[in-house]
Amino acid sequence: MDRDRKFRLGTVLAFLSALLYGISQIIAKKGVTEYEVPPVVFLFVALFSATVLMLMTGWPGVKSIQYLPRRKVLLLTSAGLISGLSVTLLVSALDRAPVVVVTPIVALNPIVSLTLVYFFLRRLEKVTKRVVLGTGIALIGAIFVIVGSTGL
Amino acid sequence: MEPLGFAWALAYGIVTFSLARVILYTAFGLAGATRVAPILSVMPIFAAIFAMILLGEKPNFLIIMGIVLSALGMILILSDRNTSVE
């Protein structure tokens, strides 16, 4: 697959992922407000789903973890723990605030990602001025949503 | 906890971990974090649309403006094709 096609497909998949994450906010909101599902249940279900996914992607891939350097395993474990914590915090937030407030705040994560890309993936990717400007405008948009929702 | 409540939690797990996450990681591999991570900021637009349709939440003028600004920022990011280091 040529570079342009990979780029386009990656962009389409990123949008599809954003759509699914958007839908997941509604599902979580329904669960915690209408059916009073405790946020920790979402964490356990997420863990279950991740296990199913791990088995679906193939046992040989899972077994290959033992050949990874310990430092990489620790890095992946940290990513998993942080991800689990983020699910619990997100569902707790949805329990206390409207979706239109929570999701724009969650959407600030590209700022964190771009900062980390700048410091740790500089050899692989460039953070251009246009990307920084675009992210800044998106951040202002998120602030508008927060102000509009809370009346600050 | 009601069985239907558990069904919602299960749906959340399937949508986020078994679908969205796999698609997201594939996108990271194809287009890179610099391009993919900012695209995730369109999530509030989708969430707001579904919140209006399914939960009956009503966004005001500022919320709509915020969503429009997020979309503009996104267009700017998407117009930049110079993010990968050769």
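Just so you know, the protein sequences line up as chains A and B, in that order.
If you number the first sequence the way my numbering does, the last residue is 152 and the count never jumps.
If you number the second sequence the way my numbering does, the last residue is 238 and the count never jumps.
Idealized CB from N, CA, C, for every residue including glycine.
- With a 10 Å radius around its C-beta and 16 neighbouring C-beta atoms as the bar for buried, classify Ile65 of chain A as buried or exposed. exposed
- Message: Does Met1 of chain A come out as helix, strand or coil in the three-state DSSP assignment?
- Response: coil
- Query: Of all the alpha helix (DSSP H) runs that stay within the bounds of the segment 45-114 of chain A, which reach a length of 4 or more residues?
  - Reply: 59-63, 70-96 and 99-106
- Task: Starting from the beta carbon of Gly184 of chain B, find every residue of chain A whose beta carbon is closer than 8 angstroms, and list them in chain order.
- Result: Gly10, Leu124 and Glu125
- If you draw a straight line from the C-alpha of Ala223 of chain B to the C-alpha of Pro104 of chain A, how long is it? 12 angstroms
- Please determine, among B:Ile219, B:Thr178 and B:Leu207, the residue with the shortest C-alpha to C-alpha distance to Met196 of chain B. First, the amino acid is wrong: residue 196 of chain B is Pro here, not Met. Comparing Cα positions, the closest option is B:Ile219.
- Query: Taking the alpha helix (DSSP H) that Tyr35 of chain A falls in, what are its first and last residues?
  - Reply: From DSSP, Tyr35 of chain A is part of no alpha helix (DSSP H); its letter is neither H nor E.
- Could you confirm whether any beta carbon from chain A is found closer than 8 angstroms to the beta carbon of Gly165 of chain B? yes
- Where the segment 194-212 of chain B meets chain A: residues whose CB sits under 7 angstroms from a CB there: Val194, Met195, Pro196, Phe198, Ala199, Ala200, Phe202, Ala203, Leu206, Leu207, Glu209, Pro211 and Asn212
- Message: Buried or exposed for Leu75 of chain A, going by 16 or more other Cβ atoms inside 10 Å?
- Response: exposed
- Task: Name the residue from A:Ala14, A:Ser24, A:Leu94 and A:Leu55 whose alpha carbon lies nearest to the alpha carbon of Ala185 of chain B.
- Result: A:Ala14
- Kindly indicate if chain B contains any beta-carbon less than 8 angstroms away from that of Pro98 of chain A. yes
- Query: Could you check where the alpha helix (DSSP H) with Pro190 of chain B kicks off and where it finishes?
  - Reply: Ala185 to Ile191
- Name the chain B residues whose beta carbon is nearer than 7 angstroms to that of Gly80 of chain A? By Cβ distance, chain B contributes nothing, its closest Cβ being about 11 angstroms from Gly80 of chain A, past 7 angstroms.
- For my contact list, Tyr21 of chain A and Ala172 of chain B are in at a C-beta cut-off of 8 angstroms; report their separation, rounded to the angstrom. 5 angstroms
- Query: Quick one: what does DSSP say Ile141 of chain A is sitting in, helix, strand or coil?
  - Reply: Reading off the sequence, residue 141 of chain A comes out as Gly, not Ile. Reduced to three states, the DSSP call for Gly141 of chain A is helix.
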